[in-house]
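>
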Amino acid sequence: MGAVMTTRHTAVAVDEDAQYLTFMLGGEMFAIAILGIKEIIEYGSLTVVPMMPAFVRGVINLRGAVVPVVDLSARFGRANSAITRRSCVIIIEASSEEGRPQDIGLLVDTVSAVQEIPAAQIEPPPSFGARIRADFIGGMAKVDGKFVIVLEVDKVLSIDEMSSLAEGGQAPALDLDPR
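When we follow UniProt numbering, the leftmost residue of the sequence shown carries the number 1, and every step to the right adds one.
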């Protein structure tokens, strides 16, 4: 419990182009590196776990494994995502400090595409103006004339931070350890 979760291969090499999964959330386009993504599934039945933080929508059964689903909109301090027929869950394979793999689902409004974004097109995160925390942003990319927010998934899924937020809200600490 309380271990920091990190996705596999999320660091972007400065001199290389990388592929990113782009998706919509609250009318804005976001991207995450595809190397840490296991799969994308249609939003389906979710089991709500009582007294979890608002950003943990519940858990799903993914081929016999219990996978927590984090609502990215709520994680960014916004309202919970409205569930539509285009809502998707992006399954990220993360690992704890001990190196054990753990799958986590990210609820998004809709998945757009996998795109190669040249490193030269990714600018440093802005110091102001973003509607999410600056440490969640790895950079700003311009794709097809529009800005795309490249997320630092390791920061967004920081279990230590999510646990402290849960404790502050009088909810039990988030424990994703399958043991």
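Just so it is clear, CB atoms sit at the ideal spot from N, CA and C, and this is done for glycine as well.
Between Phe30 and Ile149, is the Cβ-Cβ spacing less than 7 Å?
Within the sequence shown, residue 30 is the residue found at index 30, counting from 1. Within the sequence shown, residue 149 is the residue found at index 149, counting from 1. Taking 7 Å as the Cβ cut-off, Phe30 and Ile149 qualify as a contacting pair.
> Within the continuous beta strand (DSSP E) that includes Arg75, where are the two ends?
Your numbering for residue 75 matches position 75 in the sequence shown. Here Arg75 belongs to no beta strand (DSSP E); instead the alpha helix (DSSP H) covers 72–75.
> Give me the Cβ distance between Phe136 and Glu152, rounded to the nearest whole Å; I'm assuming they're in contact under 8 Å.
The residue you call residue 136 lines up with position 136 of the sequence shown. The residue you call residue 152 lines up with position 152 of the sequence shown. Contact flag correct, Cβ pair sits at about 6 Å.
> So Gln121 and Lys142 are supposed to be a Cβ contact under 8 Å. How far apart are they, rounded?
Stepping through the sequence shown from its first residue, residue 121 is reached at position 121. Stepping through the sequence shown from its first residue, residue 142 is reached at position 142. So it is a contact: roughly 6 Å between Cβ atoms.
> Can you tell me whether DSSP reads Phe147 as helix, strand or coil?
Mapped onto the sequence shown, residue 147 falls at position 147. Phe147 falls in the strand class under three-state DSSP.
> Please classify Val69 as buried or exposed, where buried requires at least 16 other C-beta atoms within 10 Å of its C-beta.
As a position in the sequence shown, residue 69 is number 69, starting the count at 1. Classification for Val69: buried.
> Quick check on Ala119: does DSSP put it in helix, strand or coil?
Start at 1 with the first residue of the sequence shown, and residue 119 comes out as number 119. Ala119 falls in the helix class under three-state DSSP.
> Can you tell me where the beta strand (DSSP E) holding Asp103 begins and where it ends?
If you number the sequence shown from 1, residue 103 lands on position 103. Segment 101–108, the beta strand (DSSP E) holding Asp103.
> Under the three-state reduction of DSSP, which class applies to Phe136: helix, strand or coil?
Here residue 136 refers to the residue found at position 136 of the sequence shown. Reduced to three states, the DSSP call for Phe136 is helix.
> Distance, Cα to Cα, Thr47 vs Leu21?
Residue numbering aside, residue 47 sits at position 47 when the sequence shown is read from its first letter. Residue numbering aside, residue 21 sits at position 21 when the sequence shown is read from its first letter. Roughly 26 Å between the two C-alpha positions.
> Secondary structure at Gly64, three-state DSSP: helix, strand or coil?
Translated into positions along the sequence shown, residue 64 becomes position 64. Coil, per DSSP.
> Taking Lys38 and Ile92 to be in contact with their CB atoms under 8 Å, please state how far apart those CB atoms are, rounded to whole angstroms.
Position 38 of the sequence shown, counted from the start, is the residue given in the question as residue 38. Position 92 of the sequence shown, counted from the start, is the residue given in the question as residue 92. Right, the Cβ-Cβ distance comes to about 7 Å (below 8 Å), so this counts as a contact.
> Measure the Cβ-Cβ separation of Val108 and Cys88 and say whether it is below 7 Å.
On the sequence shown, residue 108 is found 108 positions in, with the first residue counted as 1. On the sequence shown, residue 88 is found 88 positions in, with the first residue counted as 1. Cβ atoms of Val108 and Cys88: closer than 7 Å.
> Apply the 10 Å Cβ neighbour rule to Phe76 and answer buried if 16 or more other Cβ atoms are within range, or exposed otherwise.
Stepping through the sequence shown from its first residue, residue 76 is reached at position 76. Counting Cβ neighbours within 10 Å, Phe76 comes out buried, since at least 16 surround it.
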